[in-house]
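Take a look at the structure set out below.
2 protein chains.
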Amino acid sequence: MADPMYRRIADDLSRQIESGELSPGMPLKSEVELREEYGKDGTMVSRNTVRDAIKLLVSRGQVETRPGQGTFVLRKVQPFITRLTLDPKPGDVEDTVFKSEAERQGREIDDSRPRVEVQLADDIVARLELGKGAQVISRHQQRRIDGTPWSLQTTFYPMDLLQRGPDATRLLEATSIEEGAIGYLRTHLGIDQVGWRDTIIARLPTAQERAFFELSDKVQVAMFEFRRTGYEENGKPIRFTVTVYPADRNQFELQAGRVPSNE
Amino acid sequence: MADPMYRRIADDLSRQIESGELSPGMPLKSEVELREEYGKDGTMVSRNTVRDAIKLLVSRGQVETRPGQGTFVLRKVQPFITRLTLDPKPGDVEDTVFKSEAERQGREIDDSRPRVEVQLADDIVARLELGKGAQVISRHQQRRIDGTPWSLQTTFYPMDLLQRGPDATRLLEATSIEEGAIGYLRTHLGIDQVGWRDTIIARLPTAQERAFFELSDKVQVAMFEFRRTGYEENGKPIRFTVTVYPADRNQFELQAGRVPSNE
DNA sequence: AACGATTTGTTCGTATGTATC
DNA sequence: TGATACATACGAACAAATCGT
């Protein structure tokens with residue numbers, strides 16, 4: 005009797021889900037039925053106790069509650085696998101690699117028109133090794149694959165990139181750069197991204213991310229956050245990109261050394 | 005008035021924590037005080053509403069409640085950064101790389117004695133491209149860094165590796181292989197891991213993982229899961245490793261191309 | 001050691017709103 | 001439209017942990 009009632013109920017339901025006794029998409033018993041099931045000798049457990057148990061399952065991401073319908077066991081979706089490439093060849097830039105990878109998997113990518121802003125953000129400025137108070141250009145884009153919201157990306161450029169050439173102001177325009185940002189920097193501004201460093205983080209989504217990715221308020225899904233700093237030849241950072249992917253529909257792949265091809 | 009009361013309270017407290025107005029270790033106001041603070045015109049918010057707000061903060065890992073004492077702001081832990089190496093050189097094997105990296109950061113690594121089992125697991129067998137019903141050797145290890153539980157790792161080997169040489173049975177012994185598993189395979193069995201493929205997943209922890217990583221039931225933390233298949237020269241998989249890291253204390257770093265050194 | 005005050009934990013109840021069928 | 005089920009908000013009682021007197 006160590007565990008409180010609501011946790012015992014949660015654990016029991018949890019076990020049924022893990023064992024497959026309750027399969028994805030199936031509704032749990034209604035609150036009233038659960039109150040009866042876990043009450044002893046014909047008595048009923050309190051409604052709130054049952055609800056506390058269900059809250060626990062929801063917070064574990066095992067079930068989803070739908071108002072007016074019931075509580076349902078969640079299913080796992082088929083994840084999109086992004087292959088992290090390791091050698092940035094000049095003709096094989098990030099965006100292109102990503103797109104061809106998606107096409108290889110027969111999926112359709114749809115990028116939103118970027119939202120462009122000029123910002124004063126000291127944490128970003130530090131990443132780009134600029135002076136305190138410096139301004140940065142931010143380009144924010146949403147990506148959908150087969151209509152499903154897939155990733156949110158914000159790229160920051162130092163403001164002084166605009167001095168590098170007459171075409172640089174295009175960075176300020178809210179139009180997609182079709183050829184890919186890295187290719188654009190190289191062909192129009194003569195800026196070559198010769199390498200990058202990623203920091204990979206996993207965390208829970210923010211409220212805004214929940215909204216875009218159509219995650220219910222209550223469902224707990226992990227998020228990948230990639231923070232990529234791109235460097236040019238002289239070792240100076242030229243862009244800082246933060247990309248967020250919901251982990252329920254995204255996985256990443258990494259190869260090293262000699263590995264047989266995938267299929 | 006879009007957001008419900010309990011979330012407005014949670015967001016307000018959350019903001020105070022993020023801004024540093026409430027610093028780590030400090031107690032929040034007591035439930036009674038919060039009921040007064042967020043009630044209008046001398047009225048009090050319901051105790052349960054305040055408690056719902058605090059529950060939200062607890063689930064985000066921002067605060068911790070201690071019975072009889074109060075609710076306290078948690079501090080963020082300094083994450084351990086693992087650099088994902090991309091070129092497996094013969095003398096520079098995985099384990100060694102990892103350990104020197106830890107030492108570079110001035111941390112102390114403590115690996116448990118491995119738990120070794122012989123298993124019949126079809127999903128693993130498929131990864132190792134063995135026939136259905138084949139047996140695999142599993143070696144399970146726990147890793148702590150500076151006393152804090154840091155990762156759980158299980159490595160699977162095909163059972164027929166035991167035929168490769170007289171020393172192979174050491175894989176069945178519950179002793180750490182000090183030189184690192186990959187080095188052991190090479191020097192004692194002549195098996196060279198020439199490459200690997202990782203699949204990187206983010207998800208929520210299981211009950212067992214919560215227990216080992218000392219995560220409270222109420223805190224929501226994401227987990228990294230790395231699934232690494234190692235291949236030998238002829239392209240056959242020789243090991244399959246699953247490693248789980250809690251994302252609140254682990255990050256990963258990845259470099260490509262020419263990048264300035266870290267500091 | 002004993003007690004009371006304070007604080008959080010758990011369980012019960014009620015009421016009202018909203019979404020779905 | 002009514003019935004059902006979940007979401008939010010409130011109130012109350014008792015338990016358990018902690019701390020100071």
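Residue numbers (our numbering), protein chains in the order written: chain A, 5 to 267; chain B, 5 to 267. Even for Gly, the Cβ is constructed at its ideal location relative to N, Cα and C. As the structure is a prediction and not an experimental result, all values here were calculated from the model.
- When the alpha-carbon of A:ARG131 is set against those of A:THR69, A:LEU208, A:LYS240, the nearest one is in A:LYS240.
- Closer than 8 Å to the CB of A:LEU124 there is not a single CB belonging to chain B.
- When the beta-carbon positions are compared, B:ARG262 and B:THR152 stay at least 8 Å from each other.
- Between B:LEU189 and the set B:ALA206, B:LEU166, B:ASP202, B:LEU208, the nearest pair of CA atoms involves B:LEU166.
- Not flagged as an interface residue toward chain B: A:ALA172, since no C-beta distance is shorter than 8 Å.
- Taking A:GLU68 as reference, the option from A:ARG11, A:GLN20, A:GLN224 with the minimal CA-CA separation is A:GLN224.
- Taking 7 Å as the cut-off between beta carbons, the residues of the region 246-264 of chain B near chain A are ALA251, GLN255, PHE256, GLU257, LEU258, GLN259, ALA260, GLY261, ARG262, VAL263, PRO264, in sequence order.
- For the pair of segments examined, the region 136-146 of chain B was found not to touch the region 220-239 of chain B: the number of CB pairs separated by less than 8 Å stays below three.
- In this structure, DSSP gives B:ILE195 a state outside helix and strand, which the three-state scheme calls coil.
- Distances from the CA of B:GLY24 to each of B:LYS136, B:LEU78, B:GLN145, B:PRO8 were compared; the closest alpha carbon is that of B:LEU78.
- Across the set B:GLU229, B:ARG55, B:GLN123, B:GLN255, the C-alpha of B:GLN255 shows the shortest separation from the C-alpha of B:ILE85.
- B:VAL49 and B:ALA57 have their C-alpha atoms spaced approximately 11 Å apart.
- Assignment of A:VAL77 by DSSP, reduced to helix, strand and coil, places it in the strand class.
- Separation of B:THR75 and B:LEU32 (C-alpha to C-alpha, rounded to the nearest whole angstrom) is 5 Å.
- For A:ALA138, DSSP records no beta bridge to any residue.
- The C-beta separation of B:ILE13 from B:VAL54 comes to about 7 Å, placing the pair in contact by the 8 Å criterion.
- Each residue's CA atom was taken as its position, placing B:ILE113 and A:PRO170 some 53 Å apart.
- Taking CB atoms only, B:PHE228 has a neighbour in chain A less than 8 Å away.
- In the displayed model, B:GLU229 falls within a strand according to three-state DSSP.
- One alpha carbon belongs to A:ALA125, the other to B:GLN197, and they sit about 45 Å apart.
- A straight-line Cα-Cα distance of about 7 Å links B:ARG214 and B:SER220.
- Within chain A, the residues whose beta carbon sits less than 8 Å from that of B:ALA206 are ALA206, ALA226, MET227, PHE228, ALA251, listed in sequence order.
- In the structure shown, A:ARG243 adopts extended strand secondary structure according to DSSP, grouped into three states.
- Around the Cβ of A:ALA211, a 10 Å sphere holds fewer than 16 other Cβ atoms; the residue is exposed.
- Just so you know, the alpha carbons of A:SER155 and A:GLY110 end up roughly 18 Å apart.
- Neighbours of A:GLY239 in chain B, taken as residues at a C-beta separation under 7 Å, are given in chain order as PRO264.
- For A:ASP171, the secondary structure class from DSSP, reduced to helix, strand or coil, is helix.
- Under the three-state reduction of DSSP, A:VAL263 is assigned to coil, being neither helix nor strand.
- An exposed status is given to B:GLN73, since fewer than 16 other beta-carbon atoms sit within 10 Å of its beta-carbon.
- Along the region 195-219 of chain A, the positions whose C-beta sits under 7 Å from a C-beta of chain B are VAL198, GLY199, TRP200, ARG201, ASP202, THR203, ILE204, ILE205, ALA206, ARG207, LEU208, read in chain order.
- With respect to the C-alpha of B:ASP150, the residue from B:PRO83, B:ASP16, B:GLN20, B:GLN259 having the closest C-alpha is B:PRO83.
- Chain A places no beta carbon closer than 8 Å to that of B:LEU78, leaving this residue out of the contacts.
- Taking a C-beta distance under 8 Å as the contact criterion, A:VAL246 and A:PHE228 do not qualify as a contact pair.
- In the structure shown, the three-state DSSP call for A:ALA211 is helix.
- For a Cβ distance threshold of 9 Å, residue set GLY261, ARG262, VAL263, PRO264 of chain B lies close to A:TYR235, ordered along the chain.
- Counting the other CB atoms within 10 Å of its CB gives A:SER18 a total of 16 or more, which places it among the buried residues.
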